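Here the structure is laid out as structure tokens; the discussion comes afterwards.
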Amino acid sequence: MTETLVSQPGKDEAGAAPKRLFIKTYGCQMNVYDSERMADVLRPLGYAATDTAADADFVILNTCHIREKAAEKIYSELGKLRELKDARARNSNTESGTSKNSMIIAVAGCVAQAEGEEIIRRQPAVDLVVGPQAYHQLPELLTRTARARGERIGADFAPNEKFDALRVPRGGEGVTAFLTVQEGCDKFCSFCVVPYTRGAEWSRPVADVLAEARELAARGVREVTLLGQNVNAYNGEGADGTPSTLARLAFALAEVSGLDRIRYTTSHPNDFTDELIAAHRDLPQMMPWLHLPVQAGSDRILRLMNRKHGRTKYVELIDRIREARPDMAMSGDFIVGFPGETDADFEQTMDLVRRVTYASAFSFMYSPRPGTPAATMAGQVPGALKKARLQALQTLLTEQQIAFNASRAGMVMPVLFERPGRHASRAQAVGRSPWLQSVHVDHADHLIGQIVLVEILTGQQNSLTGRLVEQKAA
Ligand code: SAH
Ligand code: SF4
Ligand code: F3S
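Read in the UniProt record's numbering, the sequence shown has 61 at position 61, and its numbers run on one by one without any break.
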């Protein structure tokens, strides 16, 4: 049946409605980007997005393996999908006896890469397992599914092929966009699955990134966020055949007409160069908000984590960044309850947070991951203690976030308006501040897609409220 998916683009077997695609995305922004690209590559086959799995012909779960909970969620979701698929099969059998209404279920992303066939063994309703480097093969895999349901193909790493074959026009709308420029990780932090699920560090050539950025800008995108597991390790091939740096890529992107704002995530402290710091000083397009995870504040724990940097190096790096760009707001990731973490180690994390001050942050309880060195380390921390530490850390981080947002009150700042707000009667619009805060402004819904000066009235925990001061910022 799925042979017809390729031969009759845009139609089902009756030659009528488009096929419906539902993608559910878990995990990091790289998965968000990949989900968009999967939709792009399936669009020529007649697949249009739908909002619910219940009426989808093709369901993709784009999964995350980073913590145990994230991975386990997939299996419970697959259980629900199986019921939908069974119900659909029953209906179609009573209707026509064909598989016209059958549902295809695919598991993509990092769980697919890490657990492969295990997924099909645990949940036979899954038709396809496709690793992060094989999304360009989706059309072909769909076709083969008809013949060999449950085949696992394309989980080997060849990122260059992925991006070459994904050169189909990007769909979507909106004035901000993600743009993956780097994949994979060679750092092997002792707690982390990413080097195993995403493979070695690899960067896209500058010309490819620029072509995609121009396409986005032509579509009305004003702000790009460059993505990579280690985005500041970017070393894609430049025009002269030699490796570029992230700083040089940023300068090239700044030339793209219409692209007014550049962000990037996630950076590693060890790959943060003076050149990149200077780019923050010299390029107005570089936004003053930086996600620079440290994970822990104790040198002993950082060593056990194999982070290859200490506390002092991290703190001094941020001092230098803030010297170049005094309005820089910091964001980070933290893990509490890493094996062997004592109260004193944890206090070092709290102390580092007080010293740096964060505008926003993510914090997690350590989750042992199969195959990673930390999973078998001595001194695993009991769950209750992890919870208590997480609560203390999150209380502090929330206080800092509230204080940071409140400190914007009274400022006049350029806001990129993204979408209408909830209060249509007041013509409310929601935009983004330079510091990645949501800004709610009344009588502004005609300004979507523009960067406009706004006076901030109040700062709440998760957003700002402001009013227009004039029509258009430079
Ligand atoms: N490349 C990025 C982020 C990778 S994953 C970096 O180097 O920081 C995102 C975050 O998940 C990590 O920063 C870390 O804080 C968290 N994380 C990764 N593995 C984890 C684990 N086993 N348990 C809990 N949190 C984890
Ligand atoms: Fe994971 Fe460390 Fe690589 Fe980040 S740098 S992806 S935390 S191994
Ligand atoms: Fe998760 Fe994979 Fe991203 S494990 S955090 S989806 S790289």
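Glycine included, each C-beta is placed from N, C-alpha and C at the ideal position.
None of these values were measured; they are calculated from a predicted model.
Pick out whichever of the options has its Cα sitting closest to the Cα of residue i.
| i | options | result |
| --- | --- | --- |
| R325 | P288, N306, V209 | P288 |
| K313 | E118, T349, N270, M305 | N270 |
| F364 | Q29, V353, Q394, T357 | Q394 |
| D282 | T63, I321, Y75 | I321 |
| V336 | N91, R248, K386 | K386 |
| D345 | E237, R389, H65, A53 | R389 |
| V59 | H65, E72, K80, L317 | K80 |
| A106 | P124, T197, V452 | P124 |
| E347 | G131, L396, M330 | L396 |
| Q229 | L42, K187, R20 | K187 |
| H423 | M413, L436, D445, A403 | D445 |
| A134 | G379, F362, D86, S35 | S35 |
| I451 | L416, A108, E117, G220 | L416 |
| L78 | S425, D51, I119 | I119 |
| F272 | E316, A254, P284 | E316 |
| T143 | V209, L45, A233 | L45 |
| D108 | G421, V130, S92 | Residue identity check: residue 108 is Ala in the sequence provided, not Asp. Checked all of G421, V130, S92; the closest Cα to A108 is V130. |
| P293 | D51, P284, R307, Q285 | R307 |
| V231 | E201, R82, G116, P132 | E201 |
| S267 | R261, L259, I277 | I277 |
| D86 | L61, A54, G116, K73 | A54 |
| residue 479 | A217, T63, M350 | The chain is shown from 1 up to 474; residue 479 falls before or after that span and cannot be answered. |
| R261 | E140, S92, P414, L84 | P414 |
Near residue i, which residues of its chain fall below 6 Å by C-beta distance, leaving aside the five closest residues on each side in sequence?
| i | result |
| --- | --- |
| M443 | Going by the sequence as given, residue 443 is His instead of Met. Hits under 6 Å: A427. |
| R263 | T225, M287 |
| M377 | P339 |
| residue 475 | Since the first residue shown for the chain is 1 and the last is 474, residue 475 is missing from the structure and cannot be characterised. |
| G466 | V439, V441, V454, E455, I456, L457 |
| D299 | G310, R311 |
| M411 | I456 |
| T197 | H65, C110, Q113, A114 |
| G449 | V175, G220 |
| R195 | Looking at the sequence shown, residue 195 is not Arg but Pro. Here the set comprises C185, F188. |
| D57 | K19, R20 |
| T357 | Q400 |
| R419 | V430 |
| A254 | L283, Q285 |
What residue range is occupied by the uninterrupted beta strand (DSSP E) comprising residue i?
| i | result |
| --- | --- |
| N62 | 58-63 |
| R263 | 261-265 |
| residue 477 | Not covered by the structure: residue 477. The range shown for the chain is 1 to 474. |
| Y47 | 47-49 |
| L227 | 223-227 |
| V130 | 128-130 |
| L464 | 463-468 |
| V294 | Where V294 is concerned, there is no enclosing beta strand (DSSP E), given that its DSSP letter is neither H nor E. |
| V175 | Taken as a continuous stretch (DSSP letters only), V175 belongs to no beta strand (DSSP E), as it is neither H nor E. |
| S438 | 438-441 |
| V430 | 429-432 |
Using a Cβ-Cβ cutoff of less than 7 Å, which residues in the same chain neighbour residue i once the five nearest sequence positions on both sides are dropped?
| i | result |
| --- | --- |
| T372 | S190, F191, C192, V193 |
| M305 | C189, S190, F191, Q295, A296, F338 |
| E341 | I301, V381 |
| V206 | G236, E237, G238, A239, S244, L249, A252 |
| A39 | L21, I23, A49, G171 |
| A329 | P288, W289, A359, F404, W435 |
| F178 | Q29, V32, Y33, T225, L227 |
| A89 | S102 |
Could you give the first and the last residue of the continuous alpha helix (DSSP H) run that contains residue i?
| i | result |
| --- | --- |
| T145 | 138-145 |
| T458 | No alpha helix (DSSP H) contains T458, which is instead part of the beta strand (DSSP E) from 451-459. |
| T197 | 194-197 |
| S331 | That residue, S331, is in no alpha helix (DSSP H); its beta strand (DSSP E) goes 329-336. |
| E115 | 109-115 |
| V309 | Note on identity: in this sequence residue 309 is His, with Val being the wrong assignment. Segment: none, H309 is in no alpha helix (DSSP H) and carries neither H nor E. |
| L276 | 274-282 |
| F251 | 246-254 |
| R67 | Element bounds for R67: n/a, residue is neither H nor E. |
| V32 | 29-42 |
| D208 | 206-218 |
| I301 | 299-304 |
Grab me the residues of residue i's own chain with a C-beta within less than 8 Å of its C-beta, minus the 5 sequence neighbours each way, in chain order.
| i | result |
| --- | --- |
| S407 | G459 |
| Q461 | T398, Q401, I402, N405 |
| V469 | V412, L453, V454, E455 |
| T52 | F22 |
Cβ of residue i within 6 Å of any heavy atom in the ligand FMN?
| i | result |
| --- | --- |
| F417 | Looking at this structure, you won't find the ligand FMN anywhere; what it does contain is the ligand SAH, the ligand SF4 and the ligand F3S. |
Under 7 Å between C-beta atoms, does residue i make it to chain B?
| i | result |
| --- | --- |
| G421 | Structure shown: chain B not included; a single protein chain is present. |
Jot down the residue ranges of each uninterrupted alpha helix (DSSP H) in the region 344-422, minimum 4 residues, whole runs only, in chain order. 383-406
Give me every residue whose Cβ sits closer than 6 Å to any heavy atom of the ligand SF4, in chain order. Here the list is C185, K187, F188, C189, C192, V194, P195, Q229, N230, H268.
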